[in-house]
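Structure first, then comments.
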Amino acid sequence: MLSVLVGVGMSVPANAGIKEEYERAQECDYSKAEYGSDVGVFDEVKVRFCISEDRRFLVYVMRSGKSWALPFDREYRQAGVMSLNTIENDKLIHYAKKKGVVERVILGRKRIERPVLY
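Take 300 as the starting number for the sequence shown in our numbering and just add one per residue.
As structure tokens, this is what we get:
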């Protein structure tokens, strides 16, 4: 009986979290994203990044509009790998620790506003 009650109690926050994550990811517009993916990070796909207003999430957005959010400036575990997304100077950096080895990858760089030439 206790396990049934626990399952019911946990479903509401989980659904609320999924909905919030979806809404947060939708707020990042590809054309207005603050960071662009670095060369060679994503094969054949252009990805841009936004940082949520509360600075808790890094939102990945593709040109097609598909987007998803991952924690920002705090460690998290995904598929057995410890990860951290952070900013160093004008670069968006991803750290991943797998089997005791830490890898540092530049995900993207701050986009520069360029004048439109007619």
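C-beta atoms are modelled at their ideal positions from N, C-alpha and C, and glycine is treated no differently.
Residue i at chain D interface by Cβ criterion, 8 Å
i, result
"Ile-350", "Included in the structure is just one protein chain, with no chain D present."
Cβ-based neighbour list, residue i, same chain, cut-off 7 Å, excluding 5 preceding and 5 following
i, result
"Ala-324", "Val-358, Ser-366, Trp-367 and Ala-368"
Alpha carbon of residue i to alpha carbon of residue j, nearest angstrom
i, j, result
"Asp-345", "Asp-328", "Looking at the sequence itself, residue 345 is Lys, so the reference to Asp does not match. If I take the Cα positions, the gap works out to 13 Å."
"Asp-389", "Lys-318", "31 Å"
"Val-404", "Leu-391", "9 Å"
"Arg-376", "Glu-320", "17 Å"
"Leu-416", "Arg-410", "18 Å"
"Asp-393", "Thr-385", "The sequence given here places His at residue 393; Asp does not occur at that position. Straight-line Cα distance between these residues: approximately 7 Å."
Contact check, residue i vs residue j, beta carbons under 8 Å
i, j, result
"Gly-335", "Gly-407", "yes"
"Phe-348", "Glu-326", "no"
Any non-hydrogen atom of the ligand SAH closer than 7 Å to residue i Cβ
i, result
"Arg-373", "As far as ligands go, the structure on display features none, and thus does not contain the ligand SAH."
Beta-carbon proximity list for residue i, same chain, < 8 Å, skipping 5 on both sides
i, result
"Arg-373", "Arg-355 and Leu-383"
"Gly-316", "none"
Among the options, nearest to residue i - alpha-carbon criterion
i, options, result
"Phe-371", "Ser-351, Glu-412, Val-340 and Ser-330", "Ser-351"
"Met-361", "Leu-416, Gly-379, Met-381 and Ser-330", "Ser-330"
Can you list, in chain order, the stretches of the beta strand (DSSP E) that have 3 or more residues and sit fully within the segment 336–397?
-> Every beta strand (DSSP E) stretch that sits fully inside the segment 336–397 and reaches 3 residues is listed by chain position as 346–350, 356–361, 366–370, 375–377, 380–387 and 390–397.
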